[in-house]
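Structure first, commentary second.
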Amino acid sequence: MRIKKIFCLLITGIMLTSLSACGKKDSKSTVSTTTQESTKSTGKDIHIASWNNAADNLTTIAKAFNLTHKGSGKVIIDYADSDYSKLKPTLASGSGVPDIFQTQNRDIPAFYNNYGLKSFADISDIVNPDSANWVDFALETCKAKDGKYYSIPWDIGPVALYYRTDVFKAAGIDVSTLTTWDKYIEAGKKIKAKGNYYLEAYNFNGSTCQDEFMIYLNQLGGQYYNKDGKVNLSSEQMIKASNLINKMVNAKIAMDIPNAWDDRIKAINDNKLVAFAYPAWFMGTMKNSCATTSGKWGIIKMPAFEEGGNSYANAGGSILAVSAKTVNLPLAKEFLSYAMKTNEGNDVNMKFGEFPSYKPAYKTEFFKSKNEYYGGVSVGTIFSKLTGANATTWGPYFTDVSAGLKTAAGNILANKMDPKTALDSATKAAQNTIDAK
């Protein structure tokens, strides 16, 4: 999801939209961007607030659910914004809150903290019975401090290496041998000598994306806080992540993308960006926005920091939370179970580029089907083997932490500041902001 933005976003966005991710900036909606006018409210109907491509996704699932649902009430999808500009006031006032609403996974701890668990409905009974079926870090994000679940995992963003098979072949490089980032950089130099090619794309001023800082940090098992819960952006892992980014830039194999989302797509279409590590939710964006490169891309696990090291990371993803004000809690639970835990629901999720966090979905024929855009391989199967990322503690004030990282990224890449100095300063600024609340 897509958010699906901090990581360039996630995501935001997709991320968490960022998509944390630079988030995850969703593709343009193909469904009407208004509430479904044809569905009359019965008083038992429930409304779900979601945005862009994710809302299109839920609209498709809701249509199938409403046709087969035997009980009273219908599910209605309302198109919202990913900045929560309408959602937050309703939660604060307790009036007009959607029955179910989407957030980026990194944002739900802040919602729990800011509005209190009393604002949410306990849905542990549809999560706990098959908790082993969820990707671990996705489920951990949804768990509140009291050990209960007031939200359910939706999509995740396992990271892999996207690469142009034709360019690597022409350069005589077997991508499967690039098991470490150092080997990857050396391969990048060789490819760079063949033409105006780049193997990574970063937003140098940090204003529109910090995805790669977050991806590499997660790969290294780092966190944004120390053991005492204080902000720590200058951890050993974050400094190591920053140093890798600098190595890519200094080797001239990483390009600047000022408007991260749009410029990444343009660089792909211009045949300049020929490899990069990014989440699963970007697959659909490439297929829709970079059609001229169809059949030329491959996907493989990303390199590790050292030989035999970890190759897992996650960027972005989202959840669905249930309001304590819902008019029909049984219907809300039934729909969430259908949308997130059935093959029918998850095949739709995959179709719309929302990579499921519910592992049984990985066994369906649709999930395992071959994707011609990526050379006729089962990209779902590849990404399903890359879901072992370390869990991230986002905390209730990640917005402030993210602002600090944004400043640090710009200082490191655009202003050429020493990473530790930049990250120490960002740590202090973020913690001061949090302490003042």
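The opening position of the sequence shown corresponds to residue 702 in my numbering, with each subsequent residue numbered one higher.
Idealized CB from N, CA, C, for every residue including glycine.
| Asked | Found |
| --- | --- |
| At least 3 beta-carbon pairs within less than 8 Å: the stretch 913-931 vs the stretch 866-880 | no |
| Cα-Cα separation, VAL1028 to LYS1069 | 38 Å |
| Beta-carbon spacing of ILE958, LYS893 below 7 Å | no |
| C-alpha gap between LEU900 and LYS890, whole angstroms | 9 Å |
| Cβ-based burial, PRO859 [other Cβ within 10 Å; buried from 16] | buried |
| Classification of SER786 by the beta-carbon crowding that lies within 10 angstroms, buried from 16 upward | exposed |
| Separation of SER1126 from SER1019, as counted between CA atoms | 30 Å |
| Cα-Cα separation between GLU841 and ASN897, rounded to whole angstroms | 43 Å |
| Alpha carbon of TYR979 to alpha carbon of VAL876, nearest angstrom | 16 Å |
| Contact under 7 Å by Cβ, GLN911 with LEU768 | no |
| Sub-7 Å separation of LYS775 and ASP746 beta-carbons | yes |
| Whole-angstrom distance between ILE801 and SER751, CA atom to CA atom | 9 Å |
| Those residues which DSSP pairs with ASN1015 across a bridge | PRO859 |
| Sequence-distant residues of the same chain with beta carbon closer than 7 Å to ASP782, five excluded per side | TRP752 |
| Segment limits, beta strand (DSSP E) that includes GLU901 | 901-903 |
| ALA955, enclosing beta strand (DSSP E) - first and last residue | 955-957 |
| Residue(s) in a DSSP beta bridge with HIS748 | ILE777 |
| Span of the alpha helix (DSSP H) around PRO980 | Taken as a continuous stretch (DSSP letters only), PRO980 belongs to no alpha helix (DSSP H), being part of the beta strand (DSSP E) at 976-980. |
| Cα-Cα separation between THR798 and LYS1086, rounded to whole angstroms | The residue you asked about is not Thr; residue 798 is Val in the sequence shown. Their Cα atoms are separated by approximately 38 Å. |
| CB contact flag (TYR813, LEU792, <7 Å) | no |
| Beta carbon of MET1041 nearer than 7 Å to that of ILE853 | yes |
| Residue range of the unbroken alpha helix (DSSP H) whose run includes GLN911 | GLN911 -> no alpha helix (DSSP H), and no H or E assigned at all. |
| Cut-off 7 Å between Cβ atoms - residues of its own chain near LYS997, not counting five sequence neighbours on either side | ARG865, THR866, ASP867 |
| Beta-carbon spacing of ALA763, LEU1030 below 7 Å | no |
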